[in-house]
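Comments concern the structure below.
Protein chains in written order, with the working numbering: chain A, 37 to 541; chain X, 790 to 955.
This is the structure:
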């Protein structure tokens with residue numbers, strides 16, 4: 037195992053890999069700073085670019101993006117009260133009041149340090165759990181993998197608080213789309229409507245570019261204006277005192293990181309849950325809870341540590357079981373599949389260099405992005421003032437060119453457009469896109485495992501109850517179907533609260 | 790806006806569309822051999838059931854409110870369905886038409902011509918930006934895309950159906 041760790045570091049320290057890691061980090065900071073875009077959109081846009089790269093380089097690029105996005109989001113949350121992504125909304129609660137009091141530098145210094153420390157703790161948890169995950173995955177056969185796919189969809193739908201039914205519905209639509217094309221079990225081409233392009237199924241990369249990048253651009257061009265309306269003449273000073281404050285509040289960092297690590301490993305329970313849970317627990321543990329929301333530095337440290345610790349542990353279900361924990365991980369899963377890596381036991385055994393390279397890339401990017409974010413806080417904040425009327429056509433041109441470049445097929449941009457329109461309709465009607473993505477990613481595998489299970493069980497459904505792991509998974513499915521509605525009845529969402537779990541995705 | 794069972798008809802559209810698509814999907818699925826249609830039937834009927842539940846949960850009836858309270862509490866709030874701000878439909882359609890136009894141009898005349906024309910046209914006539922800004926945006930976008938895809942990754946930019954593409 038130590039060999040794989042070292043090989044991962046060595047692989048990452050090559051000039052080409054470092055270059056792409058830095059490129060990913062820069063893109064991650066910018067996309068993280070732009071509210072509404074975030075890591076999933078950045079990865080979807082970059083996915084075609086990775087096509088011409090070695091798998092390790094592609095993983096370094098993706099790690100760079102994922103590690104840097106939270107820092108970009110923190111900056112705009114503190115400076116502009118405009119969180120780059122949903123989890124950063126928790127940082128706004130105390131970060132923005134601090135900026136209004138002229139202590140933006142103090143808040144940014146603390147956020148950057150908490151980001152780095154949270155990232156390191158998240159990495160340690162991945163390194164500890166990955167060897168165990170390998171043993172755990174071997175307990176899974178086709179029935180367990182099928183039930184796990186069902187569980188992933190239901191967990192994610194259940195985590196979209198207040199929108200469980202909508203999440204399940206879009207998940208079902210995603211599964212219908214996933215059955216289009218050649219069925220490897222029976223050799224039949226289904227639902228392709230005579231279109232040769234669809235014989236291979238709906239191409240994942242153009243679909244994801246459409247659902248995230250194009251849909252967001254359509255939305256931005258309808259809403260118009262700049263992403264942020266106002267950048268106050270804030271002075272960014274006293275960053276070192278923010279760094280010092282983070283170390284003084286080491287318990288808050290540790291608590292947030294542990295919460296982030298635990299929540300990150302659960303599919304669907306995204307950074308938003310981790311950030312707000314960490315924030316509220318820190319507030320409850322504080323001697324001065326009244327000061328939260330008015331500029332308490334612990335209100336910045338707690339969510340920031342949780343968000344980055346979550347990124348590390350979210351890799352565990354993604355890599356070990358092929359179950360993405362959120363939209364960003366779902367798109368990242370697409371990158372792995374594009375490069376011939378099939379998450380699960382095979383990947384854990386055969387792609388250790390890429391896995392550990394990714395873990396180091398994520399950690400390195402998180403630490404470096406925090407440093408760069410501190411240095412470039414103001415220019416990064418100014419990015420949000422770019423006019424959408426200029427920004428949208430440029431991103432659309434890049435997205436469509438990237439979509440075509442995946443396999444040089446002119447049908448790809450058309451598919452991207454179709455999914456862009458679908459994604460926009462889902463945004464407007466407040467239906468989640470995350471379950472559709474998870475269904476697209478898992479659909480084919482789930483169907484294959486379903487058929488294999490039925491073959492093993494001679495056509496009997498009892499195969500799904502024949503082993504103890506199946507029973508555990510069925511119990512979990514039942515629990516995740518029952519608990520969210522119960523929670524909704526007992527703790528109804530208040531007016532004006534954002535859906536937790538996965539933000540807009 | 791016309792209402793049905795206390796809810797704007799447009800609010801039923803996504804779930805009704807999903808149900809209609811699922812019905813068509815089921816119709817097609819029944820044409821396949823039993824093994825090939827096993828999973829599609831499971832998925833199709835599940836989607837129909839979920840869509841009907843979603844439609845029922847949107848009605849302002851006792852059943853609807855109970856369903857929404859349990860399964861879709863967000864929709865239990867007033868003016869559910871559409872986003873917080875209702876944008877004019879023509880504005881939304883135009884945003885898609887511009888991108889559709891670009892994809893058509895991309896397919897017909899290729900990336901090298903379609904990209905600068907689209908970026909210039911969209912920033913100038915849709916965005917109302919000054920000519921110089923539009924020209925610079927168009928040139929910078931084409932240069933950036935060529936550098937990234939053509940030079941760095943050695944990928945050929947699509948030449949267009951009219952210029953030998955396929």
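The C-beta atom is built at its ideal place from N, Cα and C for all residues, glycine as well. All of these numbers come straight from a predicted model, not from anything done at the bench.
Taking buried to mean at least 16 other C-beta atoms within 10 Å of its own C-beta, is residue 496 (chain A) buried or exposed?
exposed
Cβ separation of residue 888 (chain X) and residue 431 (chain A), assumed to be a contact under 8 Å, to the nearest whole Å
With a Cβ gap of about 11 Å, residue 888 (chain X) and residue 431 (chain A) do not count as contacting.
Pick helix, strand or coil for residue 202 (chain A), following the three-state DSSP scheme.
helix
Rounded C-alpha distance that separates residue 253 (chain A) from residue 399 (chain A):
30 Å
How far does the beta strand (DSSP E) with residue 226 (chain A) in it extend, from its first residue to its last?
224–226
Suppose you measure from the CA of residue 487 (chain A) to the CA of residue 182 (chain A); what does that come to, to the nearest Å?
9 Å
Measuring CB atoms only, is the region 432–449 of chain A touching the region 933–943 of chain X, in the sense that at least three cross pairs come out at less than 8 Å?
yes
Given residue 819 (chain X), which residues of its chain have a CB within under 6 Å of its CB, disregarding the five upstream and five downstream residues?
none
Identify the contact partners of residue 918 (chain X) in chain A, using a Cβ-Cβ distance below 8 Å as the criterion.
423, 425, 426
Partner residues on chain X for residue 521 (chain A), Cβ-Cβ distance less than 9 Å:
858, 859, 860, 862
Using the three-state DSSP reduction, which class does residue 796 (chain X) fall into: helix, strand or coil?
strand
Cβ distance (whole Å) where residue 216 (chain A) is taken to contact residue 234 (chain A) below 8 Å
6 Å
Listed by chain order, chain C residues near residue 912 (chain X) by CB distance under 8 Å:
The displayed structure is made up of protein chains A and X, and chain C is not among them.
I need the boundaries of the alpha helix (DSSP H) containing residue 460 (chain A), first residue and last residue.
447–464
Beta-carbon proximity check, residue 141 (chain A) vs residue 108 (chain A), cutoff 8 Å:
no
Quick check on residue 67 (chain A) - is its C-beta less than 8 Å from some C-beta in chain X?
no
Among all the DSSP beta bridges, which residues are the ones paired with residue 219 (chain A)?
A:224
So, are the CB atoms of residue 476 (chain A) and residue 238 (chain A) less than 8 Å apart?
yes
Chain X within 8 Å of residue 525 (chain A), Cβ atoms only
yes
Collapsed DSSP secondary structure at residue 537 (chain A) in the structure displayed
The predicted model places residue 537 (chain A) with a pLDDT of 36, which falls under 50 and marks its position as unreliable; any figure quoted below should be read in that light. Reduced to three states, the DSSP call for residue 537 (chain A) is coil.
Please compile the residues from chain X whose C-beta is within a distance smaller than 8 Å of the C-beta of residue 212 (chain A).
810, 811, 814, 829, 832, 833, 836
Would you mind stating whether residue 91 (chain A) and residue 241 (chain A) have Cβ atoms separated by less than 8 Å?
no
Mind pulling the chain X residues with CB within less than 8 Å of residue 219 (chain A)?
825
If you drop the 5 nearest sequence neighbours on each side, which residues of the same chain put their C-beta closer than 6 Å to that of residue 868 (chain X)?
Bear in mind that the predicted position of residue 868 (chain X) carries a pLDDT of just 46, short of 50, making it too unreliable to give a figure here.
Taking only beta-carbon positions, decide if residue 937 (chain X) is within less than 8 Å of chain A.
yes
Residue 129 (chain A) versus A:446, A:335, A:187, residue with shortest Cα-Cα distance
A:335
By how many angstroms is the C-alpha of residue 945 (chain X) removed from the C-alpha of residue 461 (chain A)?
33 Å
Partner residues on chain X for residue 200 (chain A), Cβ-Cβ distance less than 8 Å:
860, 861
When A:320, A:294, A:413 are compared against residue 155 (chain A), the one with the closest alpha-carbon:
A:294
Kindly give me the distance between the Cβ atoms of residue 275 (chain A) and residue 145 (chain A), rounded to whole angstroms, as I take these residues to be in contact under 8 Å.
4 Å
Measure the CB-CB distance between residue 95 (chain A) and residue 385 (chain A) and report whether it falls below 8 Å.
no
Relative to chain A, which residues along the region 938–952 of chain X have a C-beta separation below 8 Å, given in chain order?
938, 942, 943, 944, 945, 946, 947, 950
Please compile the residues from chain X whose C-beta is within a distance smaller than 7 Å of the C-beta of residue 2 (chain A).
In the structure displayed, chain A extends from 37 to 541; residue 2 (chain A) sits before or after that span and is not available.
Once DSSP output is grouped into helix, strand and coil, what is the label at residue 243 (chain A)?
helix
What alpha helix (DSSP H) runs, 4 residues minimum, are completely inside the region 131–179 of chain A?
140–173
At a Cβ threshold of 8 Å, is residue 847 (chain X) touching chain A?
no
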